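Shown next, in structure tokens, is the structure this report addresses.
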Amino acid sequence: MSIKGKAYIAGAFEHPTRHAPDKTVAQLHAEVALGALADAGLTRDDVDGYFCSGDAPGPGPASMAEYMNLKLRHAESTELGGASYTVMAAHAAEAIAAGKCDVALVTLAGRPRSEGMATGTAPRPRDPNQPEAAWEAPYAITTANAYAMGAARHMHEYGTTSEQLAWVKVAASHHAQHNPHAMLPEVVTVDDVVNSPMIASPLHRLDCCVISDGGGALVIVRPEIARKLKRPLVKIIGAGEAVKHLAGGTFDLTTTGAARSGPIAFAEAGVTPADIKYASIYDSFTITVLIQIEDLGFCAKGAGGKFVADGNLISGTGKLPFNTDGGGLCNNHPANRGSMTKVIEAVRQLRGEAHPAVQVKNCDLALAQGMGFLLATRHGSGTLIMERE
Amino acid sequence: MARKITPPVVTPETKPFWDAAREGRFTVPTCGACGKAHWYPRAICPFCASDEVEWRESAGKGTIYTFSVMRRVKDPYAIAHVTLAEGPTMLTNIVDCDFDTLRIGQPVAVVFKETENGPPAPMFKPA
Numbered sequence: 004m005s006i007k008g009k010a011y012i013a014g015a016f017e018h019p020t021r022h023a024p025d026k027t028v029a030q031l032h033a034e035v036a037l038g039a040l041a042d043a044g045l046t047r048d049d050v051d052g053y054f055c056s057g058d059a060p061g062p063g064p065a066s067m068a069e070y071m072n073l074k075l076r077h078a079e080s081t082e083l084g085g086a087s088y089t090v091m092a093a094h095a096a097e098a099i100a101a102g103k104c105d106v107a108l109v110t111l112a113g114r115p116r117s118e119g120m121a122t123g124t125a126p127r128p129r130d131p132n133q134p135e136a137a138w139e140a141p142y143a144i145t146t147a148n149a150y151a152m153g154a155a156r157h158m159h160e161y162g163t164t165s166e167q168l169a170w171v172k173v174a175a176s177h178h179a180q181h182n183p184h185a186m187l188p189e190v191v192t193v194d195d196v197v198n199s200p201m202i203a204s205p206l207h208r209l210d211c212c213v214i215s216d217g218g219g220a221l222v223i224v225r226p227e228i229a230r231k232l233k234r235p236l237v238k239i240i241g242a243g244e245a246v247k248h249l250a251g252g253t254f255d256l257t258t259t260g261a262a263r264s265g266p267i268a269f270a271e272a273g274v275t276p277a278d279i280k281y282a283s284i285y286d287s288f289t290i291t292v293l294i295q296i297e298d299l300g301f302c303a304k305g306a307g308g309k310f311v312a313d314g315n316l317i318s319g320t321g322k323l324p325f326n327t328d329g330g331g332l333c334n335n336h337p338a339n340r341g342s343m344t345k346v347i348e349a350v351r352q353l354r355g356e357a358h359p360a361v362q363v364k365n366c367d368l369a370l371a372q373g374m375g376f377l378l379a380t381r382h383g384s385g386t387l388i389m390e391r392e
Numbered sequence: 138m139a140r141k142i143t144p145p146v147v148t149p150e151t152k153p154f155w156d157a158a159r160e161g162r163f164t165v166p167t168c169g170a171c172g173k174a175h176w177y178p179r180a181i182c183p184f185c186a187s188d189e190v191e192w193r194e195s196a197g198k199g200t201i202y203t204f205s206v207m208r209r210v211k212d213p214y215a216i217a218h219v220t221l222a223e224g225p226t227m228l229t230n231i232v233d234c235d236f237d238t239l240r241i242g243q244p245v246a247v248v249f250k251e252t253e254n255g256p257p258a259p260m261f262k263p264a
């Protein structure tokens with residue numbers, strides 16, 4: 004069964020906060036849920052499906068369903084880290100296509116900034132039952148050095164340079180200057196990036212995303228409901244997911260799960276990378292964008308450095324406008340998870356509601372790419388393709 | 138190394154590895170059925186699903202597949218993936234060296250480093 008055309012994104016909302024010390028995580032989830040429902044022109048009583056991931060407090064969807072007093076006939080929790088939201092948007096479409104729900108709510112929220120989390124540079128606590136724990140914890144693997152190892156190998160194999168990586172940040176900053184909510188609205192240069200302090204070689208401070216509080220939500224509905232609402236019609240037409248891991252010690256770090264989730268999504272949608280007018284690409288680090296652009300087929304493997312250079316990702320001038328809200332690199336990175344805001348900005352682009360300075364002309368086909376967990380060990384990937392009807 | 142090293146959690150599945158490590162011996166799990174070595178160690182072969190995994194003594198030689206030096210901490214350290222002569226590539230640290238001289242492809246050899254109240258962890262130094 005294909006999900007092509009079986010569900011529409013009727014509501015999308017990004018929390019404006021970037022620092023929320025006076026709110027709880029549950030409260031933020033509820034605020035983004037209400038924001039997305041208001042955007043769609045629906046209410047809590049319309050929701051019969053709820054989807055959340057590990058950032059939602061409590062076990063699975065139960066605690067938040069109670070907090071928001073939802074009456075559900077379908078509930079799901081999917082944990083693929085930051086990739087969970089492109090994946091759950093597709094799962095919501097699957098549930099709708101199967102008749103399991105009519106109005107699906109997907110939420111994300113968190114407060115790593117208020118909680119003082121060293122998101123990228125400190126090892127995270129882990130469950131001792133994780134089979135890999137003993138083989139990773141002694142070595143102090145962190146988010147930053149896990150992506151840095153991929154960057155180092157990509158440089159070694161393909162000659163990718165720090166300056167090319169810097170262009171990803173430069174492009175994001177060109178977009179962020181138009182976003183009043185962006186944490187880093189200043190336009191930066193390649194020199195600014197490569198001269199910023201080294202965090203985990205070869206990644207500099209400005210190769211890294213921000214740490215922010217906040218969240219976002221989506222409301223996904225069956226076609227008959229979408230057509231009764233007053234919002235532009237954003238149709239889900241293809242999705243793919245993948246988990247890439249170390250495969251018993253036989254792996255490469257120069258490709259991501261997007262090399263598998265991407266082709267699945269393109270095949271379902273019946274479109275090619277050349278057809279995509281706008282792409283939201285998860286951007287925990289500059290290298291994350293570069294590798295996934297290759298994996299999704301926007302350029303050949305190894306050619307990402309040349310592809311992202313010289314402003315090719317900047318809306319209005321580049322061939323592949325990306326992350327026009329400023330992305331995780333400049334705008335926000337709520338709960339240290341990126342793919343929710345990736346879908347939200349793609350929806351804005353398809354509706355023609357992005358900032359006029361970054362709005363892609365005639366944007367009728369967009370892609371959102373999420374990646375969760377670590378490049379250097381195991382990660383999830385979710386590709387979502389949407390069409391303006 | 139000034140950095141305190143988190144001790145590995147010893148499980149029934151991997152106790153023989155850590156017992157050998159305490160004696161300074163590096164062992165690589167190898168499947169008696171398909172003959173392939175794997176990493177990280179587990180009781181079920183990830184390639185053929187056989188449970189005939191054996192701990193084979195290794196010389197602990199390999200080359201650096203990739204590495205990164207964490208600078209944003211009080212005591213910088215080098216994390217790496219090292220491809221073992223036996224085949225699989227493993228996550229580790231590169232120690233006892235000048236981090237600025239490390240390069241991908243460099244030959245390295247195993248060295249055990251003390252952890253906090255646990256068995257020593259296998260790390261590598263330039264060979």
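Listed in order, the protein sequences are those of chains A and B. Residues are numbered in the working numbering as their position in the first sequence, beginning at 1, plus a constant of 3. Residues are numbered in the working numbering as their position in the second sequence, beginning at 1, plus a constant of 137. Backbone N, C-alpha and C fix where the C-beta goes; we use that ideal spot for every residue, glycine too. Model, not experiment: these values are computed from the prediction.
(request) Measure the C-alpha to C-alpha separation of TRP35/A and HIS218/B and round it to an integer number of angstroms. (result) Per the sequence shown, the amino acid found at residue 35/A is Val instead of Trp. About 40 Å.
(message) Within 7 Å of any Cβ in chain B, is that where the Cβ of ASN148/A sits?
(response) yes
(message) Applying the 10 Å Cβ sphere with the 16-neighbour rule, what's the burial state of ARG340/A?
(response) buried
(message) If we define contact as Cβ-Cβ less than 7 Å, is THR344/A a contact residue for chain B?
(response) no
(message) Please classify THR275/A as buried or exposed, where buried requires at least 16 neighbouring CB atoms within 10 angstroms.
(response) exposed
(request) For ASP286/A, count neighbouring C-beta atoms within 10 Å of its own C-beta (all shown protein chains included) and say buried if the count is 16 or more, exposed if not. (result) buried
(request) Evaluate contact between the region 114-132 of chain A and the region 83-98 of chain A, counting only Cβ atoms and requiring at least three cross-stretch pairs below 8 Å. (result) no
(request) Could you check if ILE181/B is buried or exposed, using at least 16 other CB atoms within 10 Å of its CB as the buried criterion? (result) exposed
(message) Quick check on THR27/A - is its C-beta less than 7 Å from some C-beta in chain B?
(response) no
(request) Starting from ASN334/A, follow its DSSP beta bridges and name the residues at the other end. (result) Partner(s): none; ASN334/A has no beta bridge.
(message) Along the region 188-208 of chain B, where does the CB come closer than 9 Å to a CB of chain A? Name the residues.
(response) TYR202, THR203, PHE204, SER205, VAL206, MET207 and ARG208
(message) Given 6 Å as the limit, tell me if LYS231/A has its C-beta closer than that to any heavy atom belonging to the ligand GDP.
(response) Judged by which ligands are present, the structure shown has none, so any question about the ligand GDP falls away.
(request) Would you check if the distance between the CB atom of GLY219/A and the CB atom of THR344/A is smaller than 7 Å? (result) yes
(request) Following the continuous beta strand (DSSP E) through PHE310/A, name the residue where it begins and the one where it ends. (result) From DSSP, PHE310/A is part of no beta strand (DSSP E) but of the alpha helix (DSSP H) over 307-311.
(message) Going by DSSP, what residue range makes up the beta strand (DSSP E) through LYS173/B?
(response) No beta strand (DSSP E) contains LYS173/B, which DSSP labels as neither H nor E.
(request) Write down the C-beta distance between ARG159/B and PRO225/B rounded to the nearest angstrom, noting that I regard them as a contact closer than 8 Å. (result) With a Cβ gap of about 22 Å, ARG159/B and PRO225/B do not count as contacting.
(request) Please name the residue in THR252/B, TYR202/B and THR238/B whose C-alpha comes closest to that of MET152/A. (result) TYR202/B
(request) Spatial neighbours of GLY44/A within its chain, please: CB distance less than 6 Å, with the 5 preceding and 5 following residues excluded, ordered by chain position. (result) LEU232 and LYS233
(request) Following the continuous beta strand (DSSP E) through GLY199/B, name the residue where it begins and the one where it ends. (result) 198-207
(request) Quick one: which unbroken beta strand (DSSP E) runs of 3-plus residues sit fully inside the region 247-324 of chain A? Chain order, please. (result) 281-284
(request) Give a yes or no on whether 7 Å exceeds the smallest Cβ distance from THR143/B to chain A. (result) yes
(message) Just checking: is the beta-carbon of GLY85/A within a distance shorter than 7 Å of some beta-carbon in chain B?
(response) no
(message) Any beta carbon of chain B sitting closer than 7 Å to that of GLU69/A?
(response) no
(message) Which residues of the region 199-214 of chain A have a Cβ closer than 9 Å to any Cβ of chain B? Give them in chain order.
(response) PRO200, MET201, ILE202, ALA203, SER204, PRO205, LEU206 and ARG208
(request) Could you list which residues in chain B have their beta carbon closer than 7 Å to that of ALA151/A, in chain order? (result) SER205
(request) Would you grab the beta carbon distance between ARG225/A and ILE99/A for me? Rounded to a whole angstrom, and I think it's under 8 Å. (result) 5 Å
(message) My assumption, with CB atoms under 8 Å, is that TYR142/A sits in contact with ASN254/B. Please give the rounded CB distance.
(response) That pair is no contact at about 17 Å.
(request) Compare the C-beta of LEU272/B against all C-beta atoms of chain A and say whether one is closer than 7 Å. (result) Given that chain B is displayed from residue 138 to residue 264, the structure contains no residue 272/B and the question cannot be resolved.
(message) Would LEU387/A and ALA242/A be called neighbours here (beta carbons separated by less than 7 Å)?
(response) yes
(request) May I ask which residues mark the beginning and end of the beta strand (DSSP E) holding VAL248/B? (result) 244-252
(request) Could you say which of PRO144/B, LEU239/B and VAL247/B lies nearest to GLU194/B if we only look at CA atoms? (result) VAL247/B
(request) Compute the distance between the beta-carbons of HIS106/A and MET91/A, then report whether it is under 7 Å. (result) Checking the sequence shown, residue 106/A turns out to be Val, not His. No, the Cβ-Cβ distance between VAL106/A and MET91/A is not below 7 Å.
(request) Could you have a look at ALA93/A and say whether DSSP puts it in helix, strand or coil? (result) helix
(request) Kindly list the residues whose CB is nearer than 8 Å to the CB of ASP313/A, restricted to its own chain and excluding five residues on each side of it in sequence; keep chain order. (result) TRP170
(message) I'd like to know if the region 310-327 of chain A and the region 197-207 of chain A are in contact, where contact means that at least 3 CB-CB pairs between them fall below 8 Å.
(response) no
(message) Can you give me the C-alpha to C-alpha distance between ASN315/A and GLY52/A, rounded to a whole angstrom?
(response) 39 Å
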